[in-house]
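Numbering (our numbering), first residue to last: 156 to 487. Here is the structure we will look at.
Take a look at the structure:
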């Protein structure tokens, strides 16, 4: 029975050539990818990788046939075409269709990973810079309050699903880029030190958080930079809930309006003698009409004769010190 590894032994030179070229490609090109944003460009590298792979396989196979370079060129072209076709198919089917450019499933996953890194850092940095909060978070009495404080500092826009939330963030980032907004590393440093931790996060705690999250500084700053840009864009572009210009103008007129009035005082006592006194029947009917209403019950100044319940209470108070002085010494 032939060994299943006979094929590999027979073509080991060809495979070694392919593996060597791919290893060189990985160390040179993929080694430069250090943050989350660069991952999105990997789909454009796929045709190159496929061209190198198939071209190197063809070159290794033709090693003994004396048409080494023609085979390598044809294999590279075929691999590049195949890689371009696969990359196009993978990006053509968008996971989310939005104006300004669809979002593929790979990009959506990257956005979710980016949000996770940013929010996990916010949570750990806040608790490490506030040791008292970290101790009280396990206490049921304070847990809801501390979680609310954390929620206010974490990134998000309150959408019903996390996928919709990160898509909204991506749309806001595109708007920010169109307006020329740039979030520098200095801005990220100020956010961490002044806004998030109030300068209470030590260097050791910072690198311990990076270790826990399994990311480097560039990856963290890239995630924070993207999320901060989306948040800043929301502050700039969202409609304000304040008063409209018409309402502001009306309020201004109220404070600036001036009027002159001619006032003549009218004394009620001057007209009392002109009105006859009511009869007993009229008084009784008037009382019956309003006897079930409290004063001002229906509105300010309305009539009502009903009175709140009252109780007369009598009580007896005995002063302990006074009675104690009346008792003599207790003897055996």
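Just so you know, even glycine gets a beta-carbon here, dropped at the ideal spot from N, CA and C. Only a predicted model underlies this, so the values are computations on that prediction, with no experimental measurement involved.
Quiz item: Mind checking whether the beta-carbon of residue 372 lies closer than 8 Å to any heavy atom of the ligand SAH?
Solution: The ligand content of the structure shown is nil, which means the ligand SAH is not present either.
Quiz item: If you follow the alpha helix (DSSP H) that residue 390 is part of, which residue opens it and which one closes it?
Solution: Residue 390 -> alpha helix (DSSP H) spans 372-392.
Quiz prompt | One or two residues paired with residue 251 in a DSSP bridge | solution = For residue 251, which the question treats as bridged, DSSP gives the partners 258.
Quiz item: Out of curiosity, what's the CA-to-CA distance linking residue 337 and residue 346?
Solution: 14 Å
Quiz prompt | Cβ-Cβ distance between residue 324 and residue 274 below 9 Å | solution = no
Exercise. Drop a sphere of 10 angstroms on the beta-carbon of residue 375, count the other beta-carbons inside from all chains shown, and report buried for 16 or more, exposed for fewer.
Key: buried
Quiz item: Less than 9 Å separating the beta-carbons of residue 326 and residue 255?
Solution: yes
Quiz item: Straight-line CA distance for residue 251 to residue 364?
Solution: 32 Å
Quiz item: If residue 378 sits next to residue 278, beta carbons under 8 Å apart, how far is it from one beta carbon to the other, in whole angstroms?
Solution: That belief does not hold up - the Cβ atoms of residue 378 and residue 278 are roughly 13 Å apart, past 8 Å.
Practice problem: Write down every uninterrupted run of the alpha helix (DSSP H) in the segment 434-483 whose length is 4 residues or greater and which is fully enclosed by it, in chain order. | Solution: 435-445, 475-481
Quiz item: Smallest Cα separation from residue 362: which of 280, 303, 299?
Solution: Nearest C-alpha to residue 362: 280.
Quiz item: Going by other Cβ atoms of all chains shown within 10 Å of its Cβ, with 16 needed for buried, is residue 486 buried or exposed?
Solution: exposed
Quiz item: Considering only C-alpha positions, which residue in the set 372, 295, 313 is nearest to residue 272?
Solution: For residue 272, the nearest C-alpha among the options comes from 372.
Practice problem: Return the CA-CA distance between residue 474 and residue 467, expressed in angstroms with no decimal places. | Solution: 23 Å
Quiz item: How many Å lie between residue 448 and residue 308 at the Cα?
Solution: Inter-residue distance for residue 448 and residue 308 is about 53 Å (C-alpha atoms, whole angstroms).
Quiz item: If you check the beta carbons only, do residue 333 and residue 391 fall under 9 Å apart?
Solution: no
Exercise. Measure the beta-carbon distance from residue 328 to residue 385 and round it to whole angstroms, keeping in mind my assumption that it falls under 8 Å.
Key: Sure, about 5 Å apart at Cβ, within 8 Å.
Practice problem: Can you give me the Cβ contacts of residue 450 inside the same chain, cut-off strictly under 6 Å, excluding the 5 residues immediately before and after it? | Solution: 459
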